[in-house]
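Asks:
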Amino acid sequence: MTDGITIEAQGLDELERRMRTLTLDMGRRVEGDALKELGGEALRVARSLGPRSAKHRGPGKTRREKWRSPTVHAIDTIKVSQVRTDKSGRRYITVGPQKGDNSPTFYLKFLEYGWVSSPRAPAGSKRAGRAVSARPFLRPAQAAVSTQERIIRALNEAMDRRGV
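For the record, in the sequence shown the residue sitting at position 1 is -9 according to our numbering, with numbers rising by one throughout.
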């Protein structure tokens, strides 16, 4: 006569595999949520630091003028990309003008990094070899949200929202 209860569990290996998959998937979701939150914060900082004209005219009447003069300030058009993964498996987002951006606000890249005009400009031209210094607004925004404490706080908030 047996005084105890005997339980035989089958499929624990499958359960363990599913738990690992669930944990990895939840980790990716939390990481994505934190990246989106940090990207949104970087966007707000960049827009507060970015260039704005004192007097914005708005679009002109001709097609070319409409393209060159959007209805909003250029800094208000920058975006946060989707969460992406690079070849080494690191996940990231991009805030600001994207590669290949040919919109009317593409020049924000030049304001961020500065530029040197072509040395091939006509001799005697005021623009020949002229350097324009950078007026960064995206790099300070990145520095504002890239502190270790801020990243940890974003991850903790994302875990709390996900109930992890």
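Note that beta-carbon positions come from the ideal geometry of N, C-alpha and C, so glycine has one too.
Specify the secondary structure class of Tyr82 as computed by DSSP and reduced to three states.
Replies: Translated into the one-based positions of the sequence shown, residue 82 becomes position 92. Strand, per DSSP.
Asks: Looking at C-beta atoms only, is the number of pairs between the segment 63 to 79 and the segment 20 to 40 that lie closer than 8 Å three or more?
Replies: In short, these stretches touch, since the Cβ pair count reaches three.
Asks: So, helix, strand or coil for Ala124, using DSSP?
Replies: Along the sequence shown, read from residue 1 onward, the residue named residue 124 stands at position 134. DSSP places Ala124 in coil when its eight states are reduced to three.
Asks: Does the pairing of the segment 144 to 154 with the segment 19 to 29 give three or more beta-carbon distances under 8 Å?
Replies: Counting Cβ pairs under 8 Å, three or more are found: they touch.
Asks: Just how far apart, CA to CA, sit Pro130 and Leu101?
Replies: To locate residue 130, count along the sequence shown from 1; it is residue 140. To locate residue 101, count along the sequence shown from 1; it is residue 111. C-alpha separation (whole angstroms): 13 Å.
Asks: Would you kindly work out how many angstroms separate the C-alpha atoms of Thr11 and Glu4, rounded to a whole number?
Replies: Walking along the sequence shown from the start, residue 11 turns up at place 21. Walking along the sequence shown from the start, residue 4 turns up at place 14. Looking at the two C-alpha atoms, the distance is approximately 11 Å.
Asks: Can the beta-carbon of Ala134 be found closer than 7 Å to that of Glu27?
Replies: As a working mapping, residue 134 is identified with position 144 in the sequence shown. As a working mapping, residue 27 is identified with position 37 in the sequence shown. In this structure, Glu27 does not lie closer than 7 Å to Ala134 by Cβ.
Asks: How would you call Val35, buried or exposed, if buried means at least 16 neighbouring beta carbons within 10 angstroms?
Replies: In the sequence shown, residue 35 corresponds to position 45, counting from 1. It counts as buried.
Asks: Within the same chain, show all residues whose beta-carbon is closer than 7 Å to that of Glu31, passing over the 5 residues directly before and after it, in chain order.
Replies: The residue given as residue 31 occupies position 41 in the sequence shown. Excluding sequence neighbours, Glu31 sits near Val135.
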